[in-house]
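First up is the structure itself, then whatever we jot down about it.
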């Protein structure tokens, strides 16, 4: 939004601009951001008026893109632009894609050839009645506008009229009569008049001056520019007064700037009309509850909460950043070097570079903020004690030396490090966790970053090394972005887009709303088996596929920013960390080949969080898109399911919050010379059993394969869009299950009825997209009894299919089963005409990045039946 969308009525501007929190009751935290957004809006308007716009286009059509971004053409719109070429006849103007409209002179006539000159500024005003743009500085001058000067007169005026100037008046203007005793002829001969005229500009000079003056702003222009600035200044002064009133009313216990509640019991009595509104409950509420949003049991009552509309309630986001308790002035007792005791009140303190105390953490959990600056011990920067709070485990002196606190402390140090990995920095009032997923040691705990670098120590098990974190953290995110959702693609080659052929979507997906690391979607570069170069994850740029393969990432970025999926100030980040041909044993935490793949994955997640936090943006709900299974094609359902549960637990523990794992089914068992596999069955089973932590997108047999195992570029994009849809539904707490059979009932001796969960519309049999492998992909596998075959599979309702056998199978064993897309021909390529597949889908009208419908296809399933 921009100033052109603001209203002249103050009461209508409360929600006129999503980047400006001008509504009643807006949080004081939004004030600074709103002022910055207002400043940006005024600057855009000034540039639109001041000549910063340049046209493009062909022929006599001039295309102009404003900085403000017009959504409608209406009376009062004024622009200035520099034409890129001269016109050769009547012209038209297109502003911000609103359609071509006539470009006329100020009197409403068509422009003559050459009226627009390249490089010469043109100021245009929208004529609402004529539905045209008028060039305020351009008009045709015809012979009829000129009149012959009467004899003995000068054609002109003294600036106050249009009448001809008589000779007598001209003599006065030229000071002719001030030369005594001279006739007019004598004065001309003496050169007095000639000299006066010589000082006047020539016609050529007048023409040049006129052209220059035409480019200058008139008083009307200046008034137009100043008016919105003055209006916003008045509004800002009013906002400051309102802000001061709000700040005066903030209670002392309202430490975080969120909605503050003394306890969870108080918070649940409050509701919000804004999805994502934040609240805080202090650590003094030590109880637990069942989270109404995620359903998690034993959720701490204290922490940061966000309002959810579906399901309604306050869902816990994370622990308190700083305990929301009243601040008190405090003192810190000095520690003499070598004395193994700590201040009896404070467990930890933080100081600035001048050793002045800023914050102290009490042993009882309270937080004190210094009133002014207090002197901290000049020797010790940080000291850690054992649980008795008197014996020093270790200390870090300000000269950089390490004090172990006794030989017994050395052996205990790694254990403590592993359990307490937390280092933070503070830049411009923004707190960032630097140690997500990393065991850390004792340097610069909580140090305030005074530059764009922060240094800490990292424990690698066998050694401790210094690590430097860059805090520049540049991004291309839109001004006013408040939250960032991170989606990480992990697994094997299909996650990378292997054998995709030429990329089909290399364009920027959504400027300012969809981002990736500065090196691209794949920060690991050529190989995920080596550590990610730090230079590859320094900043965030607009997302686009910039490699030579089309991974699913562009589809995920596209899907995440579709209308209705993210809030107006929320954004998406996607990164890819897959390594081709690898089993779960390699990709898991502490993998069999050293764990580099997993460490890269966690490092990127941690860096993304740091960038978000340093920019004052919430890092919310990371999700892992697990695209793997081919390398484990022979794995059993039980073991692969256990692997997926273990993986989710490991990532969540390293991240410090629940992380969802979104899978798709492996559909290429036949390309590995198998007729079936239990891996896709495990991928569905885990998702159905753990709907809050795992999801299954569905199968991949309906996509187009390039080599029987990998996909073509368009199908990789399509797969990413399916993943994004499932991610969106999980994030909103909606049903994210894929299309699958939910029950099998034997309704007669020869008929079994399958009831499907159908996400959208009704069940449809589609033999055009997916060729019929026989009985639409339904199979019957019998052990014992009388051998029978399927004679038909028929749709009998919007969600039901009847499977009819050739006769009564008798008393068959409990291992007998009905399969959906379960079997294929060993050695065949995967895909919609050759692999294990089904013809059942739903009627979803969602569209992918290429505008194609995205129906849900029936999952690979093995359905046990009983006699």
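In our numbering, the protein residues as written are 103 to 969.
Backbone N, C-alpha and C fix where the C-beta goes; we use that ideal spot for every residue, glycine too.
Asked, Found
"Starting from residue 823, trace the alpha helix (DSSP H) both ways and give me its first and last residue.", "815 to 833"
"Take the Cβ of residue 937 as the centre, count every other Cβ of all protein chains shown within 10 Å, and call the residue buried at 16 or more, exposed below.", "buried"
"Between the alpha carbons of residue 957 and residue 949, how many angstroms are there, rounded?", "9 Å"
"Grouping DSSP H, G and I as helix and E and B as strand, with all else coil, what is residue 133?", "helix"
"Among 651, 112, 817, which one has its Cα closest to the Cα of residue 603?", "651"
"Hey, residue 866 and residue 944: beta-carbon distance below 8 Å or not?", "yes"
"Alpha carbon to alpha carbon, how far is residue 592 from residue 765?", "10 Å"
"Along the beta strand (DSSP E) that carries residue 883, what are the first and last residues, could you check?", "880 to 883"
"Taking contact to mean at least 3 C-beta pairs separated by less than 8 Å, is the segment 790 to 805 in contact with the segment 705 to 720?", "no"
"Look up residue 855 in the DSSP assignment and say whether it is helix, strand or coil.", "strand"
"Name the residue from 963, 908, 906 whose alpha carbon lies nearest to the alpha carbon of residue 925.", "963"
"Is the distance from the Cβ of residue 908 to the Cβ of residue 893 below 8 Å?", "yes"
"Compare the Cα-Cα distances from residue 927 to each of 749, 586, 778 and report the closest residue.", "778"
"With respect to the beta strand (DSSP E) encompassing residue 399, which residues constitute its N-terminal and C-terminal limits?", "Looking at the DSSP string, residue 399 is not in any beta strand (DSSP E), and its letter there is neither H nor E."
"Who are the near neighbours of residue 188 in its chain, counting only those whose CB is closer than 7 Å to its CB and skipping five residues on each side?", "216, 218, 219, 220"
"Could you tell me whether the Cβ atoms of residue 653 and residue 818 are closer together than 8 Å?", "yes"
"What is the DSSP secondary structure of residue 807, reduced to helix, strand or coil?", "strand"
"Where does residue 816 land, buried or exposed, given buried means 16+ other C-beta within 10 angstroms?", "buried"
"Contact between the segment 793 to 806 and the segment 630 to 637: three or more CB pairs below 8 Å?", "no"
"Around the C-beta of residue 821, are 16 or more other C-beta atoms found within 10 angstroms, so that it is buried, or is it exposed?", "buried"
"Skipping 5 residues on each side, what residues in its chain have a beta carbon closer than 7 Å to that of residue 705?", "634"
"Who are the near neighbours of residue 212 in its chain, counting only those whose CB is closer than 7 Å to its CB and skipping five residues on each side?", "192, 206"
"Please list the terminal residues of the continuous beta strand (DSSP E) segment that includes residue 234.", "234 to 237"
"Going straight from the alpha carbon of residue 693 to that of residue 783, what length do you get?", "24 Å"
"Can you tell me which of the three DSSP states residue 949 falls into?", "strand"
"Identify every run of the beta strand (DSSP E) within the segment 560 to 644, keeping only runs that are complete inside it and at least 3 residues long; order them along the chain.", "566 to 572, 585 to 593, 616 to 619, 642 to 644"
"For residue 685, tell me which candidate among 749, 667, 665 has the shortest Cα-Cα distance.", "749"
"Please classify residue 939 as buried or exposed, where buried requires at least 16 neighbouring CB atoms within 10 angstroms.", "buried"
"Verify the CB distance criterion: does residue 715 have a CB-CB separation below 8 Å to chain D?", "The structure shown has no chain D; it contains just one protein chain."
"Report the CB separation of residue 409 from residue 362 in whole angstroms; it is logged as a contact under 8 Å.", "With a Cβ gap of about 14 Å, residue 409 and residue 362 do not count as contacting."
"What are the boundary residues of the beta strand (DSSP E) that residue 845 is part of?", "842 to 848"
"What are the start and end residues of the alpha helix (DSSP H) that includes residue 740?", "739 to 757"
"Of the residues 691, 181, 607, which one's Cα is nearest the Cα of residue 953?", "607"
"So, helix, strand or coil for residue 774, using DSSP?", "helix"
"DSSP beta-bridge partners for residue 905?", "854, 895"
"Would you decide whether residue 611 is buried or exposed? Buried here means 16 or more other CB atoms lie within 10 Å of its CB.", "buried"
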